[in-house]
Amino acid sequence: MVGVEQKTIRIGMIGYQFMGKAHSHAYRDLPFYFDTPLKPELKVIVGRNEATVKEAQKKFGFEAYETDWRKVVERDDIDVIDIVTPNHTHVEIALAAIEAGKHVIIEKPLALTVEEAKRMYKAAKESGVKHMICHNYRFAPAIQFAKQLIDQGKIGRVFHYRANYLQDFIIDPEFPLVWRLQKDIAGSGALGDIGAHSLDLARFLIGEFTELTGTMETFIKERPLGEMSGGLSAKGNSDQMGEVTVDDAVAIIARFENGALGTFEATRFANGNRNKNKFEINGEKGSIRWDMENMNNLEVYLSDDEAGEQGFRLINCTEEVHPYAGAYWPAGHIIGYEHTFINLFDEFFRGIAEDYQPKPNFEDGVRNQILLEAIEKSAEERSWVKIGQEIE
Ligand SMILES: NC(=O)c1ccc[n+]([C@@H]2O[C@H](COP(=O)([O-])OP(=O)(O)OC[C@H]3O[C@@H](n4cnc5c(N)ncnc54)[C@H](O)[C@@H]3O)[C@@H](O)[C@H]2O)c1
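In full-length UniProt numbering, the protein residues as written are 1 to 392.
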């Protein structure tokens, strides 16, 4: 394991496509913007297809490539294993990495089931490695600032948390049956892919869930076979059709520990909405709104403003006082999606260097997985499901 005195930290990354690109970029840019205690060294990138992983190795700037992740996990010259592969691979790779004493950073959702997620959390906790899950939206400066406002009591008691995560990239019935549409690989559909982010933001901003009910729909039940080809694009590779085994859309009603009511919707069928990850929080003294498609802005309404001057104000969260914003550009010079990962990695490496457990981590991954499983159960049984706070 890496010591606090170490100035560089050596990365082995498993997977190299959409999130592989986002993470590689963040490693490279992190020391440029932040006075990071540990400078990432891109040692080895892993993929099963030699020709394409070699291409990624060159493009992303890794020293070497490998086609078997087990060889990388066992290497002495690797400190961190970064898991950016589809969800069904997470448990095996993470457990092997923890066993080998590596710090682990992993994409969401943590696993396919609560049972797997708990095993991963337990192993990580017992080994003492640092672990983090990439709920990157927490790290948008506007979100961190919203959290400060809520914690300072600016909107008072929270009544409503209302979130939608809307995409439309699979609306075409010809969009192939990629891993994201197969339950044995993805765990769930819109729920775990994008709804998981909304649930995490809600936990981060207003606290834990106590009970919920959900309903799910799969609009297109069969698709031609194919695979992801970078970002959210895909290519068909057969005339054969296969069954879609996950939800295309989910709607959720929830209650929170603080007494708030929550409503959530996650869908990949909201035509015209590319990545509309948004929420509104209504409290006794004000409201807060955010939308990922305008991620630098936070809309804030405060009911103690003078009569006649009341209304939502638009705060461009690019000032020195806004968390993380000062690391980048002068006020008003906006940042983007990729910066959420840079900020998250800053927290990860600080946790390793200063020996504290950064958040969100595998514990948050377990709590998120409990919500995902409860929503599926409630949709199946058409019932309400209680959410226990004990996760050991
Ligand atoms: N934080 C976010 O906003 C965000 C966004 C997209 C995806 N994700 C998560 O990131 C992870 C990866 O998603 P993606 O969109 O990058 O997927 P992708 O399909 O673009 O890339 C997956 C990568 O994993 C590799 N791979 C697949 N199966 C493998 C196996 N068995 N062994 C080794 N490598 C394997 C593929 O070759 C590819 O390089 C998923 O867990 C997903 O839920 C998170």
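Even glycine gets a Cβ: it sits at the ideal position worked out from N, Cα and C.
This structure is a prediction, so every number in the text was calculated from the model and none was measured.
Three-state secondary structure assigned by DSSP to residue i
i: Ile334; result: coil
i: Thr113; result: coil
i: Asp346; result: helix
i: His339; result: helix
i: Phe34; result: coil
i: Asn294; result: helix
i: Lys386; result: strand
i: His90; result: helix
i: Ile143; result: helix
i: Asn237; result: strand
i: Lys43; result: strand
i: Arg255; result: strand
i: Gly3; result: Residue placement at Gly3 is flagged as unreliable, the pLDDT there being 44, under the threshold of 50; the coordinate-derived value follows with that caveat. If DSSP states are grouped into helix, strand and coil, Gly3 belongs with coil.
i: Phe279; result: strand
i: Glu381; result: helix
i: Glu392; result: coil
i: Ala249; result: strand
i: Phe219; result: coil
i: residue 425; result: In the structure as shown, the chain begins at 1 and stops at 392. Residue 425 is therefore absent and cannot be evaluated.
i: Gly351; result: helix
i: Phe169; result: coil
i: Gly207; result: coil
i: Gly20; result: helix
i: Glu309; result: coil
i: Gly195; result: helix
i: Gly242; result: strand
i: Val321; result: coil
i: Asn368; result: helix
Opposing strand residues paired with residue i [DSSP bridges]
i: residue 393; result: What is shown of the chain runs 1 to 392, which leaves residue 393 out entirely.
i: Arg180; result: Answer by DSSP bridge pairing: none, since Arg180 is not bridged.
i: Val80; result: Ile11 and His103
i: Asn164; result: Glu265 and Lys278
i: Tyr65; result: Ile45
i: Glu363; result: Its beta-bridge partners do not exist; DSSP assigns none.
i: Ile315; result: Leu298
i: Met132; result: Ile105
i: Glu227; result: Lys235
i: Leu149; result: Answer is none; Leu149 lacks a bridge partner.
i: Leu212; result: Ala254 and Val385
i: Glu50; result: None; Glu50 has no bridge partner.
Whole-angstrom C-beta distance between residue j and residue i, which should lie under 8 angstroms
i: Gln144; j: Tyr324; result: 6 angstroms
i: Leu191; j: Val250; result: 5 angstroms
i: Ile83; j: Lys102; result: At roughly 11 angstroms, the Cβ-Cβ gap does not stay under 8 angstroms, so Ile83 and Lys102 are not in contact.
i: Thr210; j: Ile253; result: Not a contact, Cβ separation roughly 12 angstroms.
i: Gly326; j: Ser303; result: Wrong, their Cβ atoms sit about 30 angstroms apart, outside the cutoff.
i: Leu38; j: Lys7; result: 7 angstroms
i: Gln357; j: Pro109; result: Incorrect: roughly 20 angstroms between the Cβ atoms, too far for contact.
i: Tyr137; j: Glu363; result: Actually they are not in contact, since the Cβ atoms of Tyr137 and Glu363 sit about 18 angstroms apart, beyond 8 angstroms.
i: Tyr161; j: Ile194; result: Between Ile194 and Tyr161 the Cβ distance is about 16 angstroms, and since that is not below 8 angstroms, they are no contact.
i: Ala44; j: Glu66; result: Checking the displayed sequence, the identity of residue 44 turns out to be Val instead of Ala. About 5 angstroms; that satisfies the 8 angstroms criterion.
i: His242; j: Lys235; result: According to the sequence provided, residue 242 is Gly. The question's His does not apply to it. Rounded, the Cβ-Cβ distance is 15 angstroms, inconsistent with contact.
With 16 other Cβ atoms within 10 Å as the buried cut-off, status of residue i
i: Gln148; result: exposed
i: Val321; result: exposed
i: Thr267; result: buried
i: Asn343; result: buried
i: Val4; result: With a pLDDT of only 43 at Val4, under the threshold of 50, the placement of this residue in the model should not be trusted; the figure read from the coordinates follows. Exposed, by the Cβ-count rule.
i: Asp346; result: buried
i: Asp200; result: buried
i: His333; result: exposed
i: Met1; result: Reliability fails at Met1, whose pLDDT of 49 lies under 50, so the model's placement of it is uncertain and the value that follows must be treated cautiously. Flag for Met1 reads exposed.
i: Asn271; result: exposed
i: Lys386; result: exposed
i: Arg180; result: buried
i: Thr340; result: buried
i: Met314; result: Correcting the residue type first, residue 314 is Leu in the shown sequence and not Met. So Leu314 ends up on the exposed side.
i: Lys130; result: buried
i: Pro330; result: exposed
i: Asn87; result: buried
i: Gln167; result: buried
i: Phe62; result: buried
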